[in-house]
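Colleague: Take this structure first; my questions come after.
Chains as they are written, first to last, in my numbering: chain A, 1 to 351; chain B, 1001 to 1351.
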């Protein structure tokens, strides 16, 4: 039996219900900028932490205790899904980001990807969620997440991050049928994965489309957004619309109106758009999450506070607003600045 | 005495005069994707090529002969301006991009930057332009260029490219007065530099703001666009509006309407926005340049042609359109695909 939430601000904001203030959390809040995280990380490699529910739960809860955020987000990685689908994942210390040494370039590789059952293949995530929810004891909601199909596609086809995403682009431009086959497969896995996370106890889920911004608006619609829409509808149907869904498509500001039509509850915004403009464009259909420039956490508390207040003024009132950074927190930020952001966000709208 | 231009499509398009078709050129067209460029580059380091008018002229003209573009753009680098201002510039083979080993972090460094006289300190650029214009003998116009103050500021403060531009952001957020002092200094140098290029024979100039997209719309206005506006007005006044000015602020699609108010003749577009939408937004005030996804040059000629035609259809008619990629050409593109793009662009609107 789940505890009743003592702080359900995030859930109310996501559903555009009345709130006293805007809730605040931020992407990568369980991470390297926290010395307490680095202490644990020094003893275990990254994937071990992701796959050990005890460790994942511990670092997931750290920012709730240490920074005062209004939600926890399960400590994990978007690349666990492709790994579960059968791709070898390598994370070497100090050698750049994670990579797939055997990226997908041939149709046979797409065909050979496993149809996953997340309750079996990603059971460690469900276990980490259940344990975290138990430990949180209703203090704040827990957010589950997944990479969007297009972003996972990029990693799976490139094998790593990339400057120009040559292979991913080559596949969508020259072999669109194969690309769609792969995207469909990923989208099915992501939907199952999110359903599992909600059933394990996640109160909200977020879909991250980190590489949305490298596509033309048309290609974004065809190769990214249609799959996100399928996932949102499928997840909501299968879980009886129990958990609000946040969709964050970084750099896709040209397509915000279309993102709203996926049926998501919240749209995540990066910092390159004025939230007032988005509100004027989209109206009251969805809640908005964001959108402080993450680099502001290198500035003074005073400047951080001014900029947080500016976002609140642009938003007008706190209904349907969730404070967040426009991208993950930078690892070398001083935790005091993260706390300053959280303090300012909690005080905004309270005049 | 300058030759009369045999192909003045670019000039007419930039001024929104009647044209038979849209002219085409592309960013980094004189570059590594061409084997003929690599042959010369194998014998000389990059900066030697930039600083030797004979070599610069040769590679500048290569894409006119080899690819059939409607304009040449002088072979140079945006970082020659900070170098002339007194910053040591290092370009090491195979060691990532160019860098400044002594980046600007202190006010004394800003104060100590030289007030340049481009006719003396960047004379090699003027000489390269004069020689190129002479060699072109009126076949196509020559484009001069400069980095925008904000983009040069980023390089000068970071010392190199960056993922999060921590130091540049830190300066504008915590020491805005110093940041403005530096931006003013750079803007003055850029204006003088562009005037010199026009006087040396450049028919058109382009201002590149490669890092426009990392700023919020407000910060973009304060720390980038106001300086671009100053430069555009100053250059036009001092050169009697002789050369059209193209402003390309990559990733600043939220600010296109404001970019149009700088008085520039042409706005360069990246590929993440529909050109029809821009036309509807801005109207007939300025010409538009762009905006094919550079990754399309990894696709087949058929796909390239389809996408070029799609841009032409979205644009509606060729008045005030200059075909270009939405960013520099990727070095590993097959030159045949670049030629396919140029062929398709020349054939578009001709139905």
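All C-beta atoms in this analysis are idealised placements derived from N, C-alpha and C, irrespective of residue type, glycine included.
Identify, in the order they occur along the chain, each residue of the same chain with its Cβ nearer than 8 Å to the Cβ of residue 1216 (chain B), setting aside the five sequence neighbours on each side.
Modeller: The residue given as residue 1216 (chain B) occupies position 216 in the second chain. Closer than 8 Å at Cβ, skipping near neighbours: no residue.
Colleague: Using only alpha-carbon positions, find the residue among A:134, A:99, A:19 and A:117 that is nearest to residue 72 (chain A).
Modeller: On the first chain, residue 72 (chain A) is found 72 positions in, with the first residue counted as 1. When only C-alpha atoms are compared, the closest one is A:134.
Colleague: Compute the distance between the beta-carbons of residue 1206 (chain B) and residue 1145 (chain B), then report whether it is under 7 Å.
Modeller: Mapped onto the second chain, residue 1206 (chain B) falls at position 206. Mapped onto the second chain, residue 1145 (chain B) falls at position 145. Taking 7 Å as the Cβ cut-off, residue 1206 (chain B) and residue 1145 (chain B) qualify as a contacting pair.
Colleague: Check whether the Cβ atoms of residue 208 (chain A) and residue 147 (chain A) lie closer than 7 Å to each other.
Modeller: In the first chain, the residue the question calls residue 208 (chain A) occupies position 208. In the first chain, the residue the question calls residue 147 (chain A) occupies position 147. Cβ distance < 7 Å, so residue 208 (chain A) and residue 147 (chain A) count as in contact.
Colleague: So, is residue 324 (chain A) buried or exposed, given that buried needs 16 or more other C-beta atoms within 10 angstroms?
Modeller: Looking up residue 324 (chain A) in the first chain gives position 324. Residue 324 (chain A) comes out buried.
Colleague: Pull the bridge partners of residue 209 (chain A) from the DSSP assignment, please.
Modeller: Walking along the first chain from the start, residue 209 (chain A) turns up at place 209. Answer is A:249.
Colleague: How is residue 1311 (chain B) classed by DSSP in three states: helix, strand or coil?
Modeller: Walking along the second chain from the start, residue 1311 (chain B) turns up at place 311. Residue state, collapsed to three classes: helix.
Colleague: Could you have a look at residue 50 (chain A) and say whether DSSP puts it in helix, strand or coil?
Modeller: Numbered from 1 along the first chain, position 50 holds the residue referred to as residue 50 (chain A). If DSSP states are grouped into helix, strand and coil, residue 50 (chain A) belongs with the helices.
Colleague: Mapping DSSP to helix, strand and coil, what is residue 1374 (chain B)?
Modeller: Past the boundaries of the shown model lies residue 1374 (chain B); chain B is included only from 1001 to 1351, so the question cannot be answered.
Colleague: Starting from residue 1158 (chain B), find everything on chain A with Cβ-Cβ shorter than 9 Å and list it in chain order.
Modeller: Here residue 1158 (chain B) refers to the residue found at position 158 of the second chain. Correct list: empty, because the minimum Cβ distance to chain A is about 12 Å.
Colleague: Quick check for students: name the residue ranges of the alpha helix (DSSP H) that lie wholly in the stretch 292–349 of chain A, counting only runs of 4 or more.
Modeller: Fully enclosed alpha helix (DSSP H) runs of 4 or longer: 301–315 and 335–347.
Colleague: When you compare each of B:1337, B:1127, B:1246 and B:1123 to residue 1300 (chain B) by their alpha carbons, which one comes out closest?
Modeller: By 1-based counting over the second chain, the position of residue 1300 (chain B) is 300. It is B:1337 whose Cα lies nearest to the Cα of residue 1300 (chain B).
Colleague: Quick one: is residue 185 (chain A) buried, meaning 16 or more other Cβ sit within 10 Å of its Cβ, or exposed?
Modeller: In the first chain, residue 185 (chain A) corresponds to position 185, counting from 1. Buried.
Colleague: Quick one: what does DSSP say residue 1116 (chain B) is sitting in, helix, strand or coil?
Modeller: Numbered from 1 along the second chain, position 116 holds the residue referred to as residue 1116 (chain B). Looking at residue 1116 (chain B) - three-state DSSP - the assignment turns out to be coil, as it is neither helix nor strand.
Colleague: Shorter than 7 Å from the beta carbon of residue 217 (chain A) to some beta carbon of chain B?
Modeller: Numbered from its first residue, the first chain carries residue 217 (chain A) at position 217. Yes - at least one Cβ of chain B is within 7 Å of the one on residue 217 (chain A).
Colleague: With DSSP as the reference, please indicate the residues paired to residue 1073 (chain B) in a beta bridge.
Modeller: Counted from its first residue, the second chain places residue 1073 (chain B) at position 73. Partner(s): B:1143.
Colleague: Taking CB distances under 7 Å as the criterion, tell me whether residue 1025 (chain B) reaches chain A.
Modeller: For this step, residue 1025 (chain B) is matched to residue 25 along the second chain. It does not: the Cβ of residue 1025 (chain B) has no partner Cβ on chain A nearer than 7 Å.
Colleague: Are residue 1276 (chain B) and residue 1320 (chain B) close, meaning C-beta to C-beta below 7 Å?
Modeller: Indexing the second chain from 1 puts residue 1276 (chain B) at position 276. Indexing the second chain from 1 puts residue 1320 (chain B) at position 320. No, they are not a contact pair.
Colleague: Just the chain A side, please: which residues come within less than 9 Å of residue 1050 (chain B) by C-beta, in chain order?
Modeller: In the second chain, residue 1050 (chain B) corresponds to position 50, counting from 1. Going along chain A, no residue has its Cβ under 9 Å from residue 1050 (chain B), so there is no contact; the nearest lies around 23 Å.
Colleague: So with Cβ pairs under 7 Å, would you call residue 344 (chain A) a contact of chain B?
Modeller: Sequence index remark: in the first chain, residue 344 (chain A) carries index 344 (1-based). With 7 Å as the cut-off, residue 344 (chain A) does not count as an interface residue toward chain B.
Colleague: Bridge partners for residue 99 (chain A) per DSSP, in chain order?
Modeller: Residue mapping note: residue 99 (chain A) aligns to position 99 of the first chain, counting from 1. In DSSP, residue 99 (chain A) forms a bridge with A:90.
Colleague: For residue 1068 (chain B), tell me which candidate among B:1344, B:1339, B:1347 and B:1349 has the shortest Cα-Cα distance.
Modeller: Counting from one through the second chain, the residue named residue 1068 (chain B) turns up at place 68. Checked all of B:1344, B:1339, B:1347 and B:1349; the closest Cα to residue 1068 (chain B) is B:1339.
Colleague: In whole angstroms, what is the alpha-carbon distance linking residue 169 (chain A) and residue 136 (chain A)?
Modeller: As a first step, residue 169 (chain A) must be located in the first chain, where it is residue number 169. As a first step, residue 136 (chain A) must be located in the first chain, where it is residue number 136. Rounded to the nearest angstrom, the two C-alpha atoms are 42 Å apart.
Colleague: Sorted by chain position, which residues of the same chain lie with C-beta nearer than 7 Å to residue 1008 (chain B)'s C-beta, five sequence neighbours on each side aside?
Modeller: To locate residue 1008 (chain B), count along the second chain from 1; it is residue 8. For residue 1008 (chain B), where only same-chain residues beyond five positions count, the Cβ hits under 7 Å are 1141.
Colleague: Determine the closest residue to residue 158 (chain A) out of A:98, A:53, A:228 and A:48, with distance taken between C-alpha atoms.
Modeller: Start at 1 with the first residue of the first chain, and residue 158 (chain A) comes out as number 158. Residue 158 (chain A) has its Cα closest to that of A:98, out of A:98, A:53, A:228 and A:48.
Colleague: Taking C-alpha atoms, which residue in A:214, A:285 and A:143 lies nearest to residue 57 (chain A)?
Modeller: Stepping through the first chain from its first residue, residue 57 (chain A) is reached at position 57. Among A:214, A:285 and A:143, the Cα nearest to that of residue 57 (chain A) is on A:143.
Colleague: Identify the contact partners of residue 1166 (chain B) in chain A, using a Cβ-Cβ distance below 8 Å as the criterion.
Modeller: For the purposes of this step, residue 1166 (chain B) is identified with residue 166 of the second chain, where counting begins at 1. Per Cβ cutoff of 8 Å: 295, 298, 330 and 332.
Colleague: If you draw a straight line from the C-alpha of residue 1196 (chain B) to the C-alpha of residue 1130 (chain B), how long is it?
Modeller: To locate residue 1196 (chain B), count along the second chain from 1; it is residue 196. To locate residue 1130 (chain B), count along the second chain from 1; it is residue 130. Whole-angstrom Cα-Cα distance: 11 Å.
Colleague: Considering only the alpha carbon of each residue, which of B:1294, B:1289, B:1256 and B:1302 lies closest to residue 1281 (chain B)?
Modeller: Looking up residue 1281 (chain B) in the second chain gives position 281. That would be B:1256, whose Cα lies nearest to the Cα of residue 1281 (chain B).
Colleague: Let me know if residue 107 (chain A) comes out buried or exposed under the rule of 16 or more other beta-carbons within 10 Å of its beta-carbon.
Modeller: Taking the first residue of the first chain as 1, we reach residue 107 (chain A) at position 107. Flag for residue 107 (chain A) reads exposed.
Colleague: From which residue to which residue does the beta strand (DSSP E) around residue 1243 (chain B) run?
Modeller: As a first step, residue 1243 (chain B) is located in the second chain; it is residue number 243 there, counting from the start. Counting along the chain, residue 1243 (chain B) falls outside any beta strand (DSSP E), and DSSP gives it neither H nor E.
Colleague: With DSSP run on the structure shown, which of helix, strand or coil describes residue 1268 (chain B)?
Modeller: Taking the first residue of the second chain as 1, we reach residue 1268 (chain B) at position 268. Here residue 1268 (chain B) sits in strand by DSSP.
Colleague: Could you check whether the stretch 77–89 of chain A touches the stretch 114–127 of chain A, counting it as contact only if at least three pairs of C-beta atoms, one from each stretch, sit closer than 8 Å?
Modeller: Output reads yes: the stretch 114–127 of chain A touches the stretch 77–89 of chain A.
Colleague: Relative to chain A, which residues along the stretch 1120–1139 of chain B have a C-beta separation below 8 Å, given in chain order?
Modeller: Against chain A - using a Cβ distance shorter than 8 Å - the stretch 1120–1139 of chain B contributes no residues.
Colleague: Given a cut-off of 7 Å on the beta-carbon distance, is the pair residue 1187 (chain B) and residue 1214 (chain B) in contact?
Modeller: Walking along the second chain from the start, residue 1187 (chain B) turns up at place 187. Walking along the second chain from the start, residue 1214 (chain B) turns up at place 214. Their beta carbons are not under 7 Å apart, which means residue 1187 (chain B) does not touch residue 1214 (chain B) by this criterion.
Colleague: Of all the alpha helix (DSSP H) runs that stay within the bounds of the stretch 1122–1171 of chain B, which reach a length of 4 or more residues?
Modeller: For the stretch 1122–1171 of chain B, whole alpha helix (DSSP H) runs of length 4 or above, ordered along the chain, are 1123–1136 and 1149–1158.
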